[in-house]
Ligand code: PXP
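Numbering (the working numbering), first residue to last: 91 to 335.
Here it is as structure tokens:
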């Protein structure tokens, strides 16, 4: 069944906004696991705007599921990952001035560098995914440089207005997912997914996991963590059940 990775970055955003000790993203992650999260995702950004190194270390000590560390493909981050060994690493592009991760990795132009990094992380026992736009050349390049997983960027699908254009973005996701699957890659997706737009993406057959953060944390402000996580999981599972009927 399709899995839900819950990204807890924005719990840390709230903490960092006041430089306080609360809310604790680790405590929040444990609650998310109790409500059905299959893994916990965090992005340790270079500017440390939300998640801090001590959060990652505490998550690795205390969570029961998997920890997916999103990170830039830099020597410093590779050294951090190999020192702490999360189960998964998702390599993402990172710009200091962006509000959030804006586009996928340009794997087609970074193959040699990424191949070495993927090999080093894989030798450490870490499953590596590459966050890419849903475009065939990027999927093929990800396969060529040894990734086991691609995470398809759903940001354009999520932000596009108008039924026809959104359908085009969904088609791009469907085609990229099938290509990746046929190449033997595991298929994940994420970015900008909400309780309102998740169903068509969850229904894509080879989709193994969705990583969702902002919308779940935002909903939890009203409903609490459990309901925000559990309702997302219910939507994903029922999308898949209907797609299989
Ligand atoms: N996947 C990746 C690779 C991301 O960079 C992010 C944002 O940190 C997400 C998923 C989650 O995006 P959102 O917070 O919009 O759900």
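We put the beta carbon where it would ideally sit given N, CA and C, even for glycine. Just so it is clear, the structure is predicted and the values come from calculations on it, not from any experiment.
query                                                                                                                : result
Burial state of residue 311, where buried means 16 or more other Cβ atoms lie within 10 Å                            : exposed
Spatial distance of residue 280 from residue 98 (CA atoms)                                                           : 14 Å
Contact test: residue 173 Cβ vs the ligand PXP heavy atom, cutoff 8 Å                                                : no
Opening and closing residue of the alpha helix (DSSP H) in which residue 223 lies                                    : Here residue 223 belongs to no alpha helix (DSSP H), and DSSP marks it neither H nor E.
Other residues of its chain near residue 198: CB distance less than 7 Å, five sequence neighbours each side excluded : 227, 228, 231
Backbone secondary structure at residue 131 - three-state DSSP                                                       : strand
Bridge partner(s) assigned by DSSP for residue 280                                                                   : 243, 301
Contact check, residue 121 vs residue 315, beta carbons under 9 Å                                                    : yes
Among 325, 334, 324, 301, nearest to residue 156 - alpha-carbon criterion                                            : 301
Proximity test, residue 302 beta-carbon vs the ligand PXP heavy atom, cut-off 8 Å                                    : yes
Length of the line joining the Cα atoms of residue 93 and residue 263                                                : 17 Å
Cβ-based burial, residue 158 [other Cβ within 10 Å; buried from 16]                                                  : buried
heavy atom of the ligand PXP below 8 Å from residue 131 C-beta                                                       : yes
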